[in-house]
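Following the working numbering, the numbering of the sequence shown begins with 9 at its first residue and continues without gaps.
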Amino acid sequence: MNDTLLLIDDEPHILSAIKRIFAEEDLRIFTASGAKDGLEILAREEISVMVTDNMMPGMSGLEVLHRARLISPDTVRIMLTGHANLDTAVAAINVGEVFRFVLKPWDNEAFAATIHEALQRYSVIKQLRSGDEAVMLSIAQTIELKDPYTRGHCDRVAEYALIIGNELGLPAQTLADIKYGGWLHDCGKIGVSEFVLRSPSSLSQDEYSLVKNHCLWGAEVARLAHLPERVINIILYHHERYDGNGYPTGLKGETIPIEARIVSVADAYDAMTSERSYRKAFPPDEVLNILSSVSGTQLDPALVTAFKSRMSQENAPRLVAAR
Ligand SMILES: [Fe+2]
Ligand SMILES: [Fe+2]
Numbered sequence: 009m010n011d012t013l014l015l016i017d018d019e020p021h022i023l024s025a026i027k028r029i030f031a032e033e034d035l036r037i038f039t040a041s042g043a044k045d046g047l048e049i050l051a052r053e054e055i056s057v058m059v060t061d062n063m064m065p066g067m068s069g070l071e072v073l074h075r076a077r078l079i080s081p082d083t084v085r086i087m088l089t090g091h092a093n094l095d096t097a098v099a100a101i102n103v104g105e106v107f108r109f110v111l112k113p114w115d116n117e118a119f120a121a122t123i124h125e126a127l128q129r130y131s132v133i134k135q136l137r138s139g140d141e142a143v144m145l146s147i148a149q150t151i152e153l154k155d156p157y158t159r160g161h162c163d164r165v166a167e168y169a170l171i172i173g174n175e176l177g178l179p180a181q182t183l184a185d186i187k188y189g190g191w192l193h194d195c196g197k198i199g200v201s202e203f204v205l206r207s208p209s210s211l212s213q214d215e216y217s218l219v220k221n222h223c224l225w226g227a228e229v230a231r232l233a234h235l236p237e238r239v240i241n242i243i244l245y246h247h248e249r250y251d252g253n254g255y256p257t258g259l260k261g262e263t264i265p266i267e268a269r270i271v272s273v274a275d276a277y278d279a280m281t282s283e284r285s286y287r288k289a290f291p292p293d294e295v296l297n298i299l300s301s302v303s304g305t306q307l308d309p310a311l312v313t314a315f316k317s318r319m320s321q322e323n324a325p326r327l328v329a330a331r
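Okay, here's the thing in structure tokens:
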């Protein structure tokens with residue numbers, strides 16, 4: 009089936025200007041000049057992405073988005089907004105009501121990029137719903153491509169997390185969820201622009217809060233795709249810290265689900281043993297020592313111990329060196 013886009017705006021010239029941007033693309037576009045018409049189309053058609061104006065007679069953009077979420081939860085929602093209403097748009101993003109907002113007057117190229125990312129998110133949700141293992145891995149790998157420095161990251165995180173899970177003797181179903189969660193832990197990065205992800209310098213406050221949102225966005229995608237609770241927990245809580253100073257919720261110690269604490273150790277290990285845009289990779293031995301130094305603050309001490317004991321066994325260095 010073709011991708012579909014629904015545009016809701018009371019100004020006809022806005023509708024036609026947006027349609028022109030996608031004239032060459034294989035995209036079915038529906039337009040509505042008001043909220044009521046727009047929501048009717050949403051109820052009737054399968055809509056991948058919708059864009060709605062913030063200020064319309066009869067119903068605010070926020071209300072349209074809220075109702076849209078109830079009518080068609082999978083449809084990715086984008087708000088079109090002027091500078092004067094920027095605060096509303098940012099608030100809407102923070103509560104998960106919208107995927108992105110587009111500021112008027114917009115830049116066509118940036119607009120198209122936003123829509124393409126939204127379409128990608130829609131297709132990710134649909135595909136994840138299949139629950140197929142190969143599909144999950146290929147989605148994780150596709151998302152990684154946004155940042156060349158994280159290539160192979162999700163696969164390795166899953167592998168390290170399984171080392172810990174096996175060391176703890178966790179049941180098979182939990183191990184399977186840990187593997188999927190390891191693959192998908194950063195899947196919320198489809199919501200973060202490539203510009204921010206590839207930024208070689210340190211991030212501004214705003215950019216950093218966008219990056220931090222990847223946990224919430226990813227968990228929402230996973231929820232919409234009906235993935236198992238443990239997989240959602242990993243995506244949502246993999247940046248929490250054992251001492252409670254992490255994000256997005258500040259959960260502490262054992263209140264952080266164990267599957268997420270495991271993936272945090274694996275994620276930290278892989279992040280430090282790989283090269284990043286802003287620094288070189290550290291040698292594995294050194295990284296194991298660094299893990300010990302953040303054990304009890306950033307990471308769960310028992311899990312660091314389990315990981316280190318397994319990684320320092322005879323066959324482990326070969327596994328690390330092979331990457
Ligand atoms: Fe992450
Ligand atoms: Fe990660």
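All C-beta atoms, glycine included, are put in the ideal place defined by N, C-alpha and C.
Taking C-beta atoms as the reference points, Asp251 and Thr182 fail to come closer than 7 Å.
7 Å or more divides the Cβ of Ala51 from the Cβ of Met67.
Counting C-beta pairs closer than 8 Å gives fewer than three between the stretch 169-185 and the stretch 251-260, which falls short of the contact rule. DSSP, reduced to helix, strand and coil, places Asp61 within a strand of the structure shown. Excluding its 5 nearest sequence neighbours in each direction, Leu23 has C-beta neighbours in its own chain below 7 Å: Leu15, Asp17 and Thr39, listed in chain order. The beta carbon of Val273 sits closer than 8 Å to those of Tyr168, Ala169, Ile172, Leu299, Leu307, Asp308, Leu311, Val312 and Phe315, all from its chain and outside the five residues before and after it, given in chain order.
Here the alpha carbons of Asp115 and Gly139 stand approximately 37 Å from one another.
With a threshold of 6 Å, the Cβ atom of Asp278 does not count as near ligand 1, since no heavy atom of the ligand is closer than that.
Within a 10 Å sphere around the beta-carbon of Gly196 sit 16 or more other beta-carbons, which makes this residue buried. For Met280, the enclosing alpha helix (DSSP H) begins and ends at Ile266 to Thr281.
For Val239, no beta strand (DSSP E) run applies; the uninterrupted alpha helix (DSSP H) run containing it begins and ends at Glu237 to Tyr245, by DSSP.
Taken in chain order, the complete beta strand (DSSP E) segments of 3 residues or longer contained in the stretch 74-141 are 84-89 and 108-111.
Straight through space, the alpha carbons of Glu283 and Tyr277 are spaced by roughly 12 Å.
DSSP places Ile29 in the uninterrupted alpha helix (DSSP H) bounded by Pro20 to Ile29.
In terms of side-chain proximity, the C-beta atom of Asp194 is found nearer than 6 Å to a non-hydrogen atom of ligand 1. Distances from the CB of Asp155 to the heavy atoms of ligand 2 are all 6 Å or more. The closest CA to that of Ser285, considering only His193, Ser210 and Val72, is found on Ser210. At least one heavy atom of ligand 2 falls within 6 Å of the beta-carbon of Asp275.
Taking all protein chains in view, the Cβ of Tyr216 is surrounded by fewer than 16 other Cβ atoms within 10 Å, so the residue is classified as exposed.
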